[in-house]
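Asks: There's a structure below that I have some questions on.
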Amino acid sequence: MLEVKVIPKSKENALVGFENNVLKIRITEPPEKGKANDAVIALLAKELSLPKRDVTLISGSTSRKKKFLLPKIVERTVSQWKQERFKQD
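If you use our numbering, the sequence shown corresponds to residues 52 to 140, in order.
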């Protein structure tokens with residue numbers, strides 16, 4: 052499971068980083084009719100090299116704080132991905 056905080060209507064789609072084990076994501080789409088959720092799923096799928104169907108929103112569909120279910124094999128590598136993608140200086 053991956054916890055995410057979404058910042059909709061941003062200037063660009065981007066992964067900001069982790070804070071308290073929650074991934075902050077900026078999305079250009081507005082939070083209406085699932086557009087922001089779809090954009091988050093697309094961005095996560097791209098970053099994790101997964102098909103979009105493997106990134107499942109399990110809670111927070113109308114909230115900025117969301118939880119996504121990922122395939123078990125990916126969950127094991129998320130911590131490695133965090134370290135590589137968001138290196139601490």
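Don't be surprised by glycine CBs; every beta carbon is placed ideally from N, CA and C. Remember, it's a predicted structure, so these values are computed and weren't measured experimentally.
Quick check for students: name the residue ranges of the beta strand (DSSP E) that lie wholly in the stretch 101-139, counting only runs of 3 or more.
Replies: Segments of the beta strand (DSSP E) lying fully in the stretch 101-139: 107-110 and 116-120.
Asks: Measuring alpha carbon to alpha carbon, tell me which residue in Leu74, Gly68, Ala90 and Phe69 is nearest proline 59.
Replies: Here residue 59 refers to the residue found at position 8 of the sequence shown. The shortest C-alpha separation from proline 59 is found at Ala90.
Asks: Please classify phenylalanine 137 as buried or exposed, where buried requires at least 16 other C-beta atoms within 10 Å of its C-beta.
Replies: As a working mapping, residue 137 is identified with position 86 in the sequence shown. By the 10 Å Cβ count, phenylalanine 137 comes out exposed.
Asks: Does DSSP put leucine 99 in a helix, a strand or coil?
Replies: Here residue 99 refers to the residue found at position 48 of the sequence shown. The answer is coil: DSSP assigns leucine 99 none of H, G, I, E or B.
Asks: Can you tell which of Ile109, Leu66 and Asn71 has its C-alpha closest to the C-alpha of lysine 97?
Replies: Position 46 of the sequence shown, counting from 1, holds the residue named residue 97. Comparing Cα positions, the closest option is Leu66.
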